[in-house]
Amino acid sequence: MSKIGKQPIKINEAITVQVQERVVNISGPKGKFDYKMPLGLDVVIEDGYLKVVPKKKEDKNISAMYGLARALLANMVLGVEKEFEKKLELTGVGYKAKMQGNDLVLSLGFSHPVVFKPREGVKIAVAGNAITVTGIDKSHVGEAAAKIRAVKPPEPYKGKGIKYAGEYIRRKAGKAAKAAGAK
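Residue numbers (this note's numbering): 2 to 184.
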């Protein structure tokens with residue numbers, strides 16, 4: 002069985018969890034989630050902990066979903082308590098980002114500005130050359146950050162583009178270094 006699936010999930014006082022048949026309702030100060038448990042898995046609440054329990058331990062389909070269901074529930078509990086956050090950095094001369102209402106407008110050297118409309122529940126903030134994506138759903142925050150980065154990923158020669166904060170860009174030598182070595 003899954004080592005991740007066996008771990009209990011701590012539930013703080015600010016979070017309420019209700020189990021009705023196979024649906025788990027999680028609500029907290031930042032929002033709420035409803036998650037339908039896969040067949041063959043149950044949820045038990047004991048002593049302030051949420052535990053995922055398989056009905057049959059031998060079934061391969063259940064063991065495959067055991068760790069996944071626990072990880073998704075843990076992310077939901079963490080998301081309604083404090084939001085998830087991804088930071089992006091703009092690098093390049095003339096590269097700018099600004100907010101127009103809820104939309105992110107990027108000026109990245111194209112002939113037109115690129116407008117990014119975040120999905121419901123995802124908030125974007127811009128401060129200088131930093132873009133911050135926040136929300137209670139970890140997958141939606143990661144997807145939004147990845148879509149923004151995909152507009153202009155960092156190139157390996159000068160490092161210009163949109164990168165995650167703290168991301169290392171492996172740099173390449175340009176033509177001049179290659180030509181000097183060929184002599």
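Backbone N, C-alpha and C fix where the C-beta goes; we use that ideal spot for every residue, glycine too. Owing to the predicted nature of the structure, the values given are computational and were not obtained by experimental measurement.
Inset, instruction - Taking all protein chains shown into account, decide if residue 188 is buried (16 or more other Cβ within 10 angstroms of its Cβ) or exposed. - result: Here the chain comprises residues numbered 2 to 184, so residue 188 is not present and cannot be evaluated.
Inset, instruction - Any chance you could list the alpha helix (DSSP H) runs of at least 4 consecutive residues sitting entirely within the region 42-84, in chain order? - result: 61-82
Inset, instruction - Report the option in 152, 59 and 61 whose CA atom is closest to the CA atom of residue 89. - result: 152
Inset, instruction - Alpha carbon to alpha carbon, how far is residue 158 from residue 174? Give it in angstroms, no decimals. - result: 7 Å
Inset, instruction - State the DSSP-derived secondary structure class of residue 136, mapped to helix, strand or coil. - result: strand
Legend entry - Sub-7 Å separation of residue 117 and residue 109 beta-carbons: no
Legend entry - Continuous alpha helix (DSSP H) stretch holding residue 5: start and end: 4-7
Inset, instruction - Assuming residue 29 and residue 82 form a contact by the criterion Cβ under 8 Å, report the distance between their Cβ atoms to the nearest whole angstrom. - result: 5 Å
Inset, instruction - Tell me residue 27's beta-bridge partners as DSSP assigns them. - result: 18 and 34
Legend entry - The beta strand (DSSP E) enclosing residue 126, as first and last residue numbers: 123-128
Inset, instruction - Could you tell me which residues DSSP pairs with residue 94 in its beta bridges? - result: Answer is none; residue 94 lacks a bridge partner.
Inset, instruction - Could you pull the start and end residues of the beta strand (DSSP E) that residue 117 belongs to? - result: 115-117
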